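Q:
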Amino acid sequence: MQVSEIISWLINLLFYKPEVFCPIFYPGLVTILALLLFIIWLERKIAAKVQLRYGPLYVTRKAGGILQLLADLLRYMFQEPIIPKTVDKIAFIAGPVLLFATAYVPAALLPATAEFTGLRSELSLLAVLALLTLAPIFDIIIGWGSNNKFSLIG
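Now the structure itself:
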């Protein structure tokens with residue numbers, strides 16, 4: 001079996017047979033996310049021990065501070081966006097979004113196999129190269145929008 005046949009089989013399994021894929025993928029995804037939460041919690045506990053201070057105990061003392069991560073998530077979700085008065089608001093807000101879009105949109109244009117592509121086009125490679133050249137332009141727009149001479153320099 002060649003590599004292209006294996007990749008085609010995996011793509012057919014993942015995208016065209018969700019009844020087979022979902023029971024395998026979702027428990028693994030949940031396990032990885034729970035493991036990441038545990039690793040972040042453990043890192044905070046170890047950092048607290050090294051710095052001779054209390055670790056994450058403020059949300060639930062009985063649970064050992066494991067809910068501190070959820071409290072931090074809620075805090076970050078409901079934080080007030082701070083936009084300085086001297087910035088160009090459109091460039092300040094839209095610039096980072098456009099910069100990240102130039103990194104993720106080209107992935108939809110590149111073919112995964114000979115049979116499977118996100119968007120079928122004869123010019124997909126040219127479009128990918130064109131989108132990747134926009135990233136430095138959006139970086140300059142972000143620096144310009146912040147109205148700061150140092151961020152505009154680089």
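Quick note, the sequence shown lines up with residues 1 to 154 if you use the numbering used here. Don't be surprised by glycine CBs; every beta carbon is placed ideally from N, CA and C. Computed from a predicted structure; not experimentally measured.
Name the one or two DSSP bridge partners that Thr-117 has.
A: In DSSP, Thr-117 forms a bridge with Pro-111.
Q: Determine the contact status of Ala-91 and Gly-145, defining contact as a CB-CB distance below 8 angstroms.
A: Yes, the pair counts as a contact, with Cβ atoms nearer than the cut-off.
Q: If we count Cβ pairs, one from each stretch, closer than 8 angstroms, do we get three or more for the region 75-91 versus the region 99-110?
A: At 8 angstroms Cβ cutoff, the stretches do not touch.
Q: Comparing alpha-carbon positions, which option in Ile-11, Ala-48 and Gln-2 lies nearest Glu-115?
A: Among Ile-11, Ala-48 and Gln-2, the Cα nearest to that of Glu-115 is on Ile-11.
Q: Quick check: the region 61-73 against the region 40-52, are there 3 or more CB pairs under 8 angstroms?
A: Yes, they touch.
Q: Which residues in the same chain have their Cβ closer than 8 angstroms to the Cβ of Val-105, if we skip the five residues on either side of it in sequence?
A: Only Leu-131 meet the Cβ criterion.
Q: What residue range does the alpha helix (DSSP H) around Val-97 cover?
A: From DSSP, the alpha helix (DSSP H) with Val-97 extends over 89-104.
Q: For Ala-34 and Tyr-26, what's the separation of their Cα atoms in angstroms?
A: Whole-angstrom Cα-Cα distance: 12 angstroms.
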